[in-house]
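*Asks:* Take the sequence shown: its letter number 383 is residue 382 in numbering that gives the first Met the number 0, and every next letter is one higher.
Have a look at this one before I ask anything.
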Amino acid sequence: MKRLAVVTSHPIQYNAPWFKLLANEEGIQLKVFYTWEQSAGGNTFDPGFGKKITWDIPLLEGYEFSFTKNVSDNPGTHHFKGIITPFLNAEIEQWKPDALLIIGWSFDSHLHCLRHFHKKVPVIFRGDSTLLDEKPGWRRIIRRISLRWVFSYIDHALYVGTNNKQYFLKHGLKESQLEFAPHAIDNERFSNGADVFEEEALKWRRELGLGTDEVVVLFAGKFEPKKNPFFILQLADRLKDHNITFLLIGNGPLEASLKESAKDNARVRFMDFQNQGRMPLVYRLGDVFILPSTGPGETWGLAINEASACSRPVMVSNKVGCAIDLVHQDKNGIIFSSDDIERCVEFLTRLVHDKDRIKHMGSYSRQIIYQYSFYHLIEGVKKIIQKL
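Right under this line is the structure:
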(Lines of atoms letter the chains of each structure in order from A and count residues from 1; the text may use other names and numbers.)
(Lines give C-alpha, C1' and ligand atoms only; values in the text may rest on other atoms or scores of the structure.)
Protein backbone atom coordinates (compact mmCIF):
# COMPACT_ATOMS: atom_id res chain seq x y z
CA MET A 1 0.00 0.00 0.00
CA LYS A 2 1.48 3.34 -1.10
CA ARG A 3 0.49 6.41 0.88
CA LEU A 4 0.08 9.41 -1.43
CA ALA A 5 -0.29 12.90 0.04
CA VAL A 6 -1.77 15.52 -2.29
CA VAL A 7 -1.27 19.23 -1.68
CA THR A 8 -3.65 21.61 -3.42
CA SER A 9 -5.20 24.96 -2.62
CA HIS A 10 -8.95 24.34 -2.36
CA PRO A 11 -11.71 21.95 -3.45
CA ILE A 12 -12.75 22.45 -7.08
CA GLN A 13 -15.26 20.67 -9.27
CA TYR A 14 -12.60 19.37 -11.65
CA ASN A 15 -10.36 17.70 -9.04
CA ALA A 16 -12.78 16.23 -6.51
CA PRO A 17 -14.08 13.44 -8.81
CA TRP A 18 -10.65 12.05 -9.63
CA PHE A 19 -9.50 12.34 -6.03
CA LYS A 20 -12.43 10.09 -5.14
CA LEU A 21 -11.58 7.60 -7.90
CA LEU A 22 -7.89 7.55 -6.98
CA ALA A 23 -8.76 6.93 -3.32
CA ASN A 24 -10.62 3.79 -4.40
CA GLU A 25 -7.67 2.39 -6.37
CA GLU A 26 -6.21 -0.79 -4.94
CA GLY A 27 -2.77 -0.27 -3.47
CA ILE A 28 -3.13 3.50 -2.91
CA GLN A 29 -4.02 5.30 0.30
CA LEU A 30 -4.80 8.93 -0.48
CA LYS A 31 -5.03 12.03 1.65
CA VAL A 32 -5.57 15.53 0.28
CA PHE A 33 -4.15 18.48 2.21
CA TYR A 34 -6.05 21.64 1.31
CA THR A 35 -4.20 24.88 1.96
CA TRP A 36 -6.98 27.47 1.61
CA GLU A 37 -9.47 26.74 4.35
CA GLN A 38 -11.95 29.51 3.55
CA SER A 39 -13.22 27.43 0.63
CA ALA A 40 -14.32 24.54 2.81
CA GLY A 41 -17.81 25.65 3.68
CA GLY A 42 -19.35 26.24 0.28
CA ASN A 43 -19.89 29.90 -0.58
CA THR A 44 -16.70 31.23 -2.13
CA PHE A 45 -16.32 34.57 -3.86
CA ASP A 46 -15.05 33.99 -7.37
CA PRO A 47 -13.56 37.22 -8.78
CA GLY A 48 -13.84 35.87 -12.33
CA PHE A 49 -17.60 35.47 -12.05
CA GLY A 50 -17.89 38.48 -9.72
CA LYS A 51 -20.13 36.60 -7.29
CA LYS A 52 -20.21 33.94 -4.59
CA ILE A 53 -20.32 30.42 -5.97
CA THR A 54 -21.63 27.30 -4.25
CA TRP A 55 -21.01 24.29 -6.47
CA ASP A 56 -23.91 21.85 -6.73
CA ILE A 57 -21.76 18.72 -6.97
CA PRO A 58 -20.03 17.20 -3.90
CA LEU A 59 -16.42 18.27 -3.54
CA LEU A 60 -15.43 16.60 -0.26
CA GLU A 61 -16.89 13.11 -0.52
CA GLY A 62 -15.18 9.78 -1.07
CA TYR A 63 -11.61 10.59 -0.02
CA GLU A 64 -9.65 11.56 3.09
CA PHE A 65 -8.77 15.24 3.41
CA SER A 66 -7.83 17.97 5.85
CA PHE A 67 -7.69 21.75 5.78
CA THR A 68 -4.44 23.30 6.93
CA LYS A 69 -4.62 26.70 8.61
CA ASN A 70 -3.80 29.52 6.20
CA VAL A 71 -2.46 32.58 8.03
CA SER A 72 -2.13 34.89 5.02
CA ASP A 73 -3.40 38.45 5.58
CA ASN A 74 -4.88 38.35 2.08
CA PRO A 75 -5.83 34.69 1.52
CA GLY A 76 -6.51 33.34 -1.94
CA THR A 77 -4.99 31.92 -5.09
CA HIS A 78 -4.59 35.29 -6.81
CA HIS A 79 -1.06 35.98 -5.50
CA PHE A 80 2.01 34.18 -4.16
CA LYS A 81 1.50 35.21 -0.53
CA GLY A 82 -2.17 34.20 -0.57
CA ILE A 83 -1.37 30.78 0.88
CA ILE A 84 0.87 30.71 3.95
CA THR A 85 0.41 27.53 5.99
CA PRO A 86 3.16 27.20 8.62
CA PHE A 87 1.92 23.80 9.85
CA LEU A 88 1.55 22.09 6.47
CA ASN A 89 4.89 20.28 6.32
CA ALA A 90 4.57 18.97 9.88
CA GLU A 91 1.05 17.69 9.19
CA ILE A 92 2.23 15.87 6.07
CA GLU A 93 5.22 14.36 7.92
CA GLN A 94 2.92 13.15 10.69
CA TRP A 95 0.85 11.29 8.07
CA LYS A 96 4.06 9.60 6.77
CA PRO A 97 3.46 9.51 3.01
CA ASP A 98 5.42 7.38 0.56
CA ALA A 99 5.08 10.09 -2.09
CA LEU A 100 3.89 13.67 -2.38
CA LEU A 101 1.85 15.18 -5.22
CA ILE A 102 1.81 18.98 -5.29
CA ILE A 103 -0.67 20.76 -7.55
CA GLY A 104 0.69 24.20 -8.43
CA TRP A 105 3.90 25.69 -7.02
CA SER A 106 3.23 29.44 -7.22
CA PHE A 107 2.10 29.89 -3.62
CA ASP A 108 4.40 30.47 -0.67
CA SER A 109 3.54 27.25 1.15
CA HIS A 110 3.46 25.03 -1.94
CA LEU A 111 6.97 26.11 -2.94
CA HIS A 112 8.24 25.61 0.60
CA CYS A 113 6.58 22.21 0.69
CA LEU A 114 8.20 20.85 -2.46
CA ARG A 115 11.61 22.14 -1.31
CA HIS A 116 11.15 20.73 2.20
CA PHE A 117 10.34 17.21 1.01
CA HIS A 118 12.99 17.10 -1.72
CA LYS A 119 15.10 13.94 -1.21
CA LYS A 120 12.89 12.90 1.73
CA VAL A 121 10.04 11.40 -0.29
CA PRO A 122 9.50 11.39 -4.07
CA VAL A 123 7.92 14.70 -5.09
CA ILE A 124 5.45 14.63 -7.99
CA PHE A 125 4.26 17.89 -9.52
CA ARG A 126 1.11 18.68 -11.48
CA GLY A 127 0.63 22.00 -13.25
CA ASP A 128 -0.72 23.11 -16.60
CA SER A 129 1.42 26.07 -17.66
CA THR A 130 2.43 26.51 -21.30
CA LEU A 131 4.78 28.58 -23.44
CA LEU A 132 1.90 30.18 -25.37
CA ASP A 133 2.15 33.58 -23.70
CA GLU A 134 5.94 33.90 -23.69
CA LYS A 135 7.46 37.08 -25.06
CA PRO A 136 11.13 37.53 -25.95
CA GLY A 137 13.31 39.60 -23.65
CA TRP A 138 15.19 39.60 -20.39
CA ARG A 139 12.12 38.71 -18.32
CA ARG A 140 11.75 35.44 -20.20
CA ILE A 141 15.39 34.63 -19.49
CA ILE A 142 14.96 35.31 -15.77
CA ARG A 143 11.75 33.29 -15.68
CA ARG A 144 13.43 30.35 -17.42
CA ILE A 145 16.24 30.36 -14.86
CA SER A 146 13.77 30.63 -11.97
CA LEU A 147 11.60 27.78 -13.23
CA ARG A 148 14.57 25.50 -13.77
CA TRP A 149 15.45 26.16 -10.13
CA VAL A 150 11.89 25.38 -8.96
CA PHE A 151 11.66 22.18 -10.98
CA SER A 152 15.04 20.97 -9.73
CA TYR A 153 13.20 20.08 -6.51
CA ILE A 154 10.73 17.67 -8.14
CA ASP A 155 11.26 14.07 -9.17
CA HIS A 156 8.36 13.57 -11.58
CA ALA A 157 5.74 15.70 -13.31
CA LEU A 158 2.29 14.93 -14.66
CA TYR A 159 1.67 16.78 -17.92
CA VAL A 160 -1.89 17.58 -19.00
CA GLY A 161 -1.29 17.91 -22.74
CA THR A 162 1.17 18.72 -25.51
CA ASN A 163 1.77 22.40 -24.67
CA ASN A 164 2.29 21.59 -21.00
CA LYS A 165 4.78 18.84 -21.85
CA GLN A 166 6.80 21.25 -24.00
CA TYR A 167 6.80 23.69 -21.08
CA PHE A 168 8.25 21.10 -18.70
CA LEU A 169 10.91 19.99 -21.18
CA LYS A 170 11.92 23.61 -21.83
CA HIS A 171 12.45 24.14 -18.11
CA GLY A 172 14.83 21.30 -17.47
CA LEU A 173 12.74 18.20 -16.89
CA LYS A 174 13.62 15.05 -18.80
CA GLU A 175 11.27 12.85 -20.80
CA SER A 176 11.81 10.03 -18.28
CA GLN A 177 10.44 12.25 -15.49
CA LEU A 178 7.17 12.96 -17.28
CA GLU A 179 3.92 11.04 -17.42
CA PHE A 180 0.71 11.90 -19.27
CA ALA A 181 -2.20 12.62 -16.91
CA PRO A 182 -4.59 14.73 -18.97
CA HIS A 183 -6.87 17.50 -17.87
CA ALA A 184 -10.17 15.67 -17.72
CA ILE A 185 -13.78 16.03 -16.72
CA ASP A 186 -16.43 13.48 -15.78
CA ASN A 187 -17.12 12.51 -19.40
CA GLU A 188 -19.88 10.10 -18.41
CA ARG A 189 -21.82 12.76 -16.52
CA PHE A 190 -21.92 14.87 -19.68
CA SER A 191 -22.47 12.10 -22.22
CA ASN A 192 -24.55 9.39 -20.54
CA GLY A 193 -28.25 9.89 -21.17
CA ALA A 194 -27.44 12.07 -24.17
CA ASP A 195 -30.86 11.54 -25.79
CA VAL A 196 -32.66 12.78 -22.68
CA PHE A 197 -30.32 15.78 -22.39
CA GLU A 198 -30.85 16.65 -26.06
CA GLU A 199 -34.62 16.51 -25.64
CA GLU A 200 -34.58 18.68 -22.52
CA ALA A 201 -32.21 21.16 -24.16
CA LEU A 202 -34.49 21.37 -27.21
CA LYS A 203 -37.41 22.22 -24.92
CA TRP A 204 -35.29 24.86 -23.18
CA ARG A 205 -34.32 26.33 -26.55
CA ARG A 206 -37.99 26.70 -27.45
CA GLU A 207 -38.66 28.46 -24.14
CA LEU A 208 -35.82 30.85 -24.95
CA GLY A 209 -37.22 31.51 -28.40
CA LEU A 210 -34.33 29.79 -30.17
CA GLY A 211 -35.54 28.00 -33.27
CA THR A 212 -34.34 24.61 -34.44
CA ASP A 213 -33.57 26.12 -37.84
CA GLU A 214 -30.96 28.56 -36.52
CA VAL A 215 -27.36 27.83 -35.55
CA VAL A 216 -26.66 28.76 -31.93
CA VAL A 217 -23.03 29.59 -31.12
CA LEU A 218 -22.47 29.17 -27.39
CA PHE A 219 -19.95 30.66 -24.99
CA ALA A 220 -20.11 29.62 -21.33
CA GLY A 221 -17.62 30.96 -18.82
CA LYS A 222 -16.33 34.06 -17.11
CA PHE A 223 -16.83 37.42 -18.78
CA GLU A 224 -13.22 38.47 -18.28
CA PRO A 225 -10.53 39.97 -20.53
CA LYS A 226 -8.51 36.80 -21.13
CA LYS A 227 -11.61 35.02 -22.50
CA ASN A 228 -11.96 37.77 -25.14
CA PRO A 229 -15.79 37.79 -25.21
CA PHE A 230 -15.93 41.01 -27.26
CA PHE A 231 -14.61 38.95 -30.17
CA ILE A 232 -17.96 37.13 -30.11
CA LEU A 233 -19.84 40.43 -30.42
CA GLN A 234 -17.67 41.39 -33.40
CA LEU A 235 -18.46 38.03 -34.95
CA ALA A 236 -22.16 38.56 -34.31
CA ASP A 237 -22.04 41.95 -36.05
CA ARG A 238 -20.41 40.38 -39.08
CA LEU A 239 -23.04 37.61 -39.24
CA LYS A 240 -26.21 39.43 -38.20
CA ASP A 241 -27.78 38.81 -41.61
CA HIS A 242 -27.35 35.05 -41.19
CA ASN A 243 -29.53 32.65 -39.23
CA ILE A 244 -27.06 32.51 -36.34
CA THR A 245 -27.62 33.42 -32.69
CA PHE A 246 -24.81 33.95 -30.19
CA LEU A 247 -25.61 32.89 -26.62
CA LEU A 248 -23.22 34.04 -23.89
CA ILE A 249 -23.70 32.35 -20.52
CA GLY A 250 -21.90 33.52 -17.40
CA ASN A 251 -21.02 36.58 -15.36
CA GLY A 252 -17.93 38.64 -14.69
CA PRO A 253 -16.30 42.07 -14.77
CA LEU A 254 -17.07 42.68 -18.48
CA GLU A 255 -20.76 41.81 -18.19
CA ALA A 256 -22.19 45.33 -18.16
CA SER A 257 -20.05 46.57 -21.04
CA LEU A 258 -20.81 43.45 -23.10
CA LYS A 259 -24.54 43.90 -22.68
CA GLU A 260 -24.31 47.59 -23.51
CA SER A 261 -22.31 46.86 -26.66
CA ALA A 262 -24.74 44.17 -27.80
CA LYS A 263 -28.00 45.96 -27.01
CA ASP A 264 -28.80 46.72 -30.65
CA ASN A 265 -28.02 43.24 -31.97
CA ALA A 266 -30.96 40.88 -31.55
CA ARG A 267 -28.70 37.99 -32.52
CA VAL A 268 -26.82 38.22 -29.20
CA ARG A 269 -28.39 36.75 -26.06
CA PHE A 270 -27.17 36.54 -22.47
CA MET A 271 -27.84 34.18 -19.59
CA ASP A 272 -26.50 34.15 -16.01
CA PHE A 273 -23.96 31.67 -14.62
CA GLN A 274 -25.24 28.10 -14.55
CA ASN A 275 -24.01 25.60 -11.96
CA GLN A 276 -22.25 22.33 -12.77
CA GLY A 277 -25.36 20.18 -12.46
CA ARG A 278 -26.95 22.09 -15.35
CA MET A 279 -23.95 22.12 -17.68
CA PRO A 280 -24.79 18.93 -19.65
CA LEU A 281 -27.96 20.79 -20.68
CA VAL A 282 -26.29 24.17 -21.13
CA TYR A 283 -23.80 22.94 -23.73
CA ARG A 284 -26.65 21.36 -25.68
CA LEU A 285 -28.38 24.73 -25.99
CA GLY A 286 -25.70 25.53 -28.54
CA ASP A 287 -24.91 23.86 -31.83
CA VAL A 288 -21.29 25.03 -31.74
CA PHE A 289 -19.09 26.08 -28.81
CA ILE A 290 -16.57 28.94 -29.05
CA LEU A 291 -13.62 29.88 -26.83
CA PRO A 292 -11.83 32.90 -28.39
CA SER A 293 -9.36 33.56 -25.57
CA THR A 294 -6.35 35.80 -26.02
CA GLY A 295 -4.84 35.00 -22.62
CA PRO A 296 -2.55 35.36 -20.91
CA GLY A 297 -3.13 32.33 -18.75
CA GLU A 298 -5.64 30.25 -20.73
CA THR A 299 -3.53 27.21 -19.92
CA TRP A 300 -6.09 24.57 -20.96
CA GLY A 301 -9.81 25.39 -21.28
CA LEU A 302 -11.85 22.62 -19.65
CA ALA A 303 -15.00 24.02 -21.23
CA ILE A 304 -13.75 22.41 -24.45
CA ASN A 305 -13.66 19.01 -22.71
CA GLU A 306 -17.24 19.55 -21.57
CA ALA A 307 -18.55 20.75 -24.92
CA SER A 308 -16.81 17.84 -26.66
CA ALA A 309 -18.36 15.32 -24.26
CA CYS A 310 -21.71 16.82 -25.28
CA SER A 311 -20.88 16.12 -28.95
CA ARG A 312 -20.44 19.74 -30.00
CA PRO A 313 -18.08 21.15 -32.63
CA VAL A 314 -15.61 23.59 -31.08
CA MET A 315 -14.04 26.84 -32.23
CA VAL A 316 -10.88 27.46 -30.20
CA SER A 317 -8.26 30.18 -30.44
CA ASN A 318 -4.58 29.33 -30.71
CA LYS A 319 -4.00 30.94 -27.29
CA VAL A 320 -5.93 28.15 -25.53
CA GLY A 321 -3.68 25.40 -24.19
CA CYS A 322 -5.94 22.49 -25.15
CA ALA A 323 -6.43 23.49 -28.79
CA ILE A 324 -3.52 21.49 -30.16
CA ASP A 325 -4.85 18.32 -28.48
CA LEU A 326 -8.64 18.58 -28.56
CA VAL A 327 -9.21 20.21 -31.96
CA HIS A 328 -8.47 18.33 -35.17
CA GLN A 329 -8.60 21.07 -37.76
CA ASP A 330 -11.84 21.03 -39.79
CA LYS A 331 -12.78 17.61 -38.41
CA ASN A 332 -14.36 18.54 -35.10
CA GLY A 333 -13.96 22.31 -35.34
CA ILE A 334 -11.28 24.89 -35.97
CA ILE A 335 -8.26 26.44 -34.32
CA PHE A 336 -8.04 30.12 -35.25
CA SER A 337 -5.66 32.95 -34.46
CA SER A 338 -7.17 34.95 -31.64
CA ASP A 339 -7.60 37.99 -33.91
CA ASP A 340 -8.71 36.14 -37.07
CA ILE A 341 -12.39 36.94 -37.34
CA GLU A 342 -12.47 36.10 -41.05
CA ARG A 343 -11.67 32.45 -40.36
CA CYS A 344 -14.57 32.24 -37.93
CA VAL A 345 -16.98 34.00 -40.29
CA GLU A 346 -16.09 31.58 -43.07
CA PHE A 347 -16.47 28.52 -40.81
CA LEU A 348 -19.87 29.51 -39.42
CA THR A 349 -21.20 30.55 -42.82
CA ARG A 350 -20.43 27.06 -44.09
CA LEU A 351 -22.15 25.44 -41.11
CA VAL A 352 -25.35 27.43 -41.67
CA HIS A 353 -25.64 25.83 -45.09
CA ASP A 354 -24.55 22.35 -43.98
CA LYS A 355 -26.31 21.29 -40.76
CA ASP A 356 -25.25 17.65 -41.22
CA ARG A 357 -21.65 18.80 -40.86
CA ILE A 358 -22.44 20.06 -37.34
CA LYS A 359 -23.59 16.58 -36.30
CA HIS A 360 -20.58 14.83 -37.85
CA MET A 361 -18.12 17.25 -36.26
CA GLY A 362 -19.81 16.87 -32.88
CA SER A 363 -19.46 13.09 -33.04
CA TYR A 364 -15.76 13.52 -33.80
CA SER A 365 -15.37 15.78 -30.74
CA ARG A 366 -16.83 13.07 -28.56
CA GLN A 367 -14.42 10.46 -29.96
CA ILE A 368 -11.44 12.69 -29.20
CA ILE A 369 -12.48 13.39 -25.62
CA TYR A 370 -12.62 9.69 -24.75
CA GLN A 371 -8.80 9.82 -24.64
CA TYR A 372 -8.95 12.62 -22.04
CA SER A 373 -10.73 10.91 -19.17
CA PHE A 374 -10.33 10.39 -15.45
CA TYR A 375 -9.20 6.85 -16.29
CA HIS A 376 -6.24 8.19 -18.30
CA LEU A 377 -5.46 10.76 -15.59
CA ILE A 378 -5.39 8.13 -12.84
CA GLU A 379 -3.35 5.75 -14.98
CA GLY A 380 -0.71 8.47 -15.28
CA VAL A 381 -0.55 8.89 -11.50
CA LYS A 382 -0.38 5.12 -11.00
CA LYS A 383 2.46 4.73 -13.51
CA ILE A 384 4.61 7.16 -11.54
CA ILE A 385 3.73 5.56 -8.20
CA GLN A 386 4.66 2.14 -9.60
CA LYS A 387 8.13 3.50 -10.43
CA LEU A 388 8.79 4.54 -6.83
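Even glycine gets a Cβ: it sits at the ideal position worked out from N, Cα and C.
By how many angstroms is the C-alpha of valine 287 removed from the C-alpha of aspartate 338?
*Replies:* For aspartate 338 and valine 287, the distance between alpha carbons rounds to 19 angstroms.
*Asks:* Mind pulling the alpha helix (DSSP H) runs of 4 or more residues that sit fully within the stretch 85-156?
*Replies:* Counting whole runs of 4 or more residues, the stretch 85-156 contains the alpha helix (DSSP H) stretches 87-94, 107-115 and 137-150.
*Asks:* Roughly how many whole angstroms lie between the Cα atoms of isoleucine 82 and valine 70?
*Replies:* If I take the Cα positions, the gap works out to 7 angstroms.
*Asks:* Would methionine 314 be called buried (16 or more neighbouring beta carbons within 10 Å of its own) or exposed?
*Replies:* That one is buried.
*Asks:* Do lysine 68 and glutamate 36 count as a contact pair if the criterion is CB distance below 9 angstroms?
*Replies:* Yes. Within cutoff.
*Asks:* Apart from the five residues just before and just after glutamate 223, which ones in its own chain have a Cβ nearer than 8 angstroms to its Cβ?
*Replies:* Answer for glutamate 223: Gly47, Gly251, Pro252 and Leu253, listed in chain order.
*Asks:* State the DSSP-derived secondary structure class of glycine 379, mapped to helix, strand or coil.
*Replies:* Glycine 379: helix per DSSP, three-state reduction.
*Asks:* Consult DSSP for methionine 278 and reduce its assignment to one of helix, strand or coil.
*Replies:* If DSSP states are grouped into helix, strand and coil, methionine 278 belongs with the helices.
*Asks:* If you reduce the DSSP assignment to three classes, tell me which class threonine 161 lands in.
*Replies:* Threonine 161 falls in the helix class under three-state DSSP.
*Asks:* Taking the beta strand (DSSP E) that tyrosine 33 falls in, what are its first and last residues?
*Replies:* Its beta strand (DSSP E) spans residues 27-33.
*Asks:* Is there contact between the stretch 138-147 and the stretch 164-182, where contact requires at least three CB pairs shorter than 8 angstroms?
*Replies:* Result yes; three or more Cβ-Cβ pairs closer than 8 angstroms.
*Asks:* Going by C-alpha distance, which of Leu58, Ser256, Ser190 and Phe196 is nearest glutamine 12?
*Replies:* Comparing Cα positions, the closest option is Leu58.
*Asks:* Are the CB atoms of histidine 77 and aspartate 127 within a distance shorter than 9 angstroms?
*Replies:* Cβ atoms of aspartate 127 and histidine 77: not closer than 9 angstroms.
*Asks:* Please classify phenylalanine 86 as buried or exposed, where buried requires at least 16 neighbouring CB atoms within 10 angstroms.
*Replies:* Classification for phenylalanine 86: exposed.
*Asks:* Is it right to say serine 307 is buried, meaning 16 or more other beta carbons lie within 10 angstroms of its own, or is it exposed?
*Replies:* When all chains shown are included, serine 307 counts as buried.
*Asks:* Report the option in Gln176, Ile140 and Thr129 whose CA atom is closest to the CA atom of serine 151.
*Replies:* Ranking the options by Cα distance to serine 151, first place goes to Gln176.
*Asks:* Can you tell me which of Tyr363, Val5 and Lys1 puts its alpha carbon nearest to the alpha carbon of glutamate 25?
*Replies:* Minimum Cα distance to glutamate 25 is reached at Lys1.
*Asks:* Tell me the rounded alpha-carbon separation between isoleucine 323 and glycine 208.
*Replies:* Distance between the alpha carbons of isoleucine 323 and glycine 208: 35 angstroms.
*Asks:* List the residues that DSSP assigns as beta-bridge partners of methionine 0.
*Replies:* Methionine 0 pairs with nothing; no bridge assigned.
*Asks:* So, valine 214 versus asparagine 242, is the Cβ gap smaller than 9 angstroms?
*Replies:* Yes. Within cutoff.
*Asks:* What residue range is occupied by the uninterrupted beta strand (DSSP E) comprising isoleucine 334?
*Replies:* Residues 332-335.
*Asks:* Cα separation between phenylalanine 196 and lysine 134?
*Replies:* So the two alpha carbons sit approximately 43 angstroms from each other.
*Asks:* Could you name the residues that DSSP lists as bridge partners for phenylalanine 288?
*Replies:* DSSP lists Leu217 and Val313 as partners of phenylalanine 288.
*Asks:* Give the secondary structure of serine 38 by DSSP, where H, G and I count as helix, E and B as strand, and everything else as coil.
*Replies:* At serine 38, the pLDDT of 49 sits below 50, so the modelled position is not reliable and the matter cannot be decided from this model.
*Asks:* Where does glycine 296 land, buried or exposed, given buried means 16+ other C-beta within 10 angstroms?
*Replies:* Exposed.
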